Amino acid sequence: MHSYQKHTVISVRNLTDTVYVLRMTREELEFSPGQFITVGLLNNVHMREYSIYSGVKDDYLEILVKDIPQGYLSSKLHQLSPGDEVRIEGPFGYFLLSEEHLSKPLHFIATGTGISPFHCFVRSHDIDTYTLVHGVSYGHEQYEYEDYSRKNIIQCTSRDTGGNQHMRVTAYMKNKELEHNAEVFLCGNSAMIYDIFDLLTAKEKPSEHIHAEVYF
Ligand SMILES: Cc1cc2nc3c(=O)[nH]c(=O)nc-3n(C[C@H](O)[C@H](O)[C@H](O)COP(=O)(O)OP(=O)(O)OC[C@H]3O[C@@H](n4cnc5c(N)ncnc54)[C@H](O)[C@@H]3O)c2cc1C
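All the letters of the sequence shown, read from the start, carry residue numbers -14 to 201 under our numbering.
Have a look at this one:
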């Protein structure tokens, strides 16, 4: 049995009908931007992984979650109220920006809630050398884009024309030439991650400059 910490829910902030930010007390949790925690209900063995959405300097802890109605935990977390407690383990993971990366062109590529670690990156580090490509179904799925430099975001929408590009992230990246020293960070569903990984390695991007966090 791992040791866990109890954290108290501060608020649940809905960004769309299904995507929300769960803000909790930080309880002095130390982490590096890009890491994830596991979250569960008290007296319940089921835990799920969530990237940390808030920044290292914030005095609260946030995760960005998609409510999957047929899923087990994400819809239960959505029902929590301020004052409720959750249990948390971690932090875990190696999806990290190093000092060396900070001086390079950065390409952050996400699908859905896979934008979460990139939110933590931009809140924690003073960086402006990044491009964020965010793949979603519809244009209204703009998860707090005001927290990024607007010029640095490209929203790819697969099911309407509401984004900057009406195509999948993979199609957008196909024609994109990256700087030779670029570092690429991929986060979200495995289909996107494997496709982009193949596409970049076919363009002779060394795999040590491609970082990935697979959600499902
Ligand atoms: C390292 C890591 C970090 C993660 N970080 C996040 C995060 O920051 N935000 C987040 O929302 N999820 C994240 N996930 C996914 C999360 O752990 C859960 O799998 C998800 O919340 C579903 O849990 P559930 O109990 O509701 O559904 P389950 O009963 O466990 O499964 C339902 C099904 O939902 C699908 N699914 C899982 N996650 C998603 C998703 N994000 N979008 C669409 N479909 C999905 C899968 O096909 C899964 O089989 C992460 C996963 C990993 C491994």
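Backbone N, C-alpha and C define an ideal beta-carbon position, used for all residues, glycine too. Bear in mind the structure is a predicted one, so any value in this text is a computation, not a measurement.
Could you say which of the options lies nearest to residue i if we only look at CA atoms?
i: Leu185; options: Gln(-10), Glu162 and Cys105; result: Glu162
i: Val109; options: Glu15, Arg72, Val(-3) and Tyr(-11); result: In the sequence under discussion, the amino acid at residue 109 is Ser, which differs from the Val named in the question. Closest option to Ser109, Cα to Cα, is Glu15.
i: Ala95; options: Val169, Lys188 and Glu189; result: Val169
i: Ala197; options: Asp69, Phe93, Thr(-7) and Leu65; result: Phe93
i: His104; options: Val41, Val(-3) and Lys89; result: Val41
i: Met177; options: His194, Tyr200 and Arg(-2); result: Tyr200
i: Val30; options: Pro67, Arg8, Lys159 and Tyr57; result: Tyr57
i: Ala167; options: Gln150, Glu193, Gln64 and Ser(-12); result: Glu193
Using a Cβ-Cβ cutoff of less than 6 Å, which residues in the same chain neighbour residue i once the five nearest sequence positions on both sides are dropped?
i: Gly78; result: Gln20 and Phe21
i: Ser143; result: Ser122 and Arg153
i: Thr(-7); result: Thr10 and Glu70
i: Ser175; result: Val199
Below 8 Å on the Cβ atoms is my contact criterion, and I expect residue i with residue j to pass it. Report the Cβ-Cβ distance as a whole number of Å.
i: Tyr157; j: Ile139; result: 7 Å
i: Thr3; j: Lys61; result: The Cβ separation is near 14 Å, so there is no contact.
i: Thr23; j: Glu74; result: 5 Å
i: Tyr38; j: Ile48; result: 5 Å
Closer than 8 Å to a non-hydrogen atom of ligand 1 - does that hold for the CB of residue i?
i: Asn174; result: yes
i: Val199; result: yes
i: Ser66; result: no
i: Arg144; result: no
i: Arg33; result: yes
i: Gln127; result: no
i: Tyr(-11); result: no
Quick one: residues in its chain with C-beta nearer than 7 Å to the C-beta of residue i, no 5 flanking neighbours on either side, listed in chain order?
i: Asp44; result: Arg11
i: Leu87; result: His110 and Ile112
i: Met(-14); result: Note on Met(-14): pLDDT 48, under 50, position unreliable in the model; no value is reported.
Quick one: what's got a C-beta closer than 8 Å to residue i's C-beta in the same chain, skipping five residues either side?
i: Gly124; result: Gln140, Thr142, Asp145, Thr146, Gly147 and Gly148
i: Leu27; result: Lys(-9), Glu70, Val71 and Arg72
i: Ala187; result: none
Could you tell me which uninterrupted alpha helix (DSSP H) segments, each at least 4 residues in length, are contained entirely in the stretch 87 to 151, listed from first to last along the chain?
-> With a minimum length of 4 residues, the continuous alpha helix (DSSP H) runs that stay inside the stretch 87 to 151 are 101 to 109.
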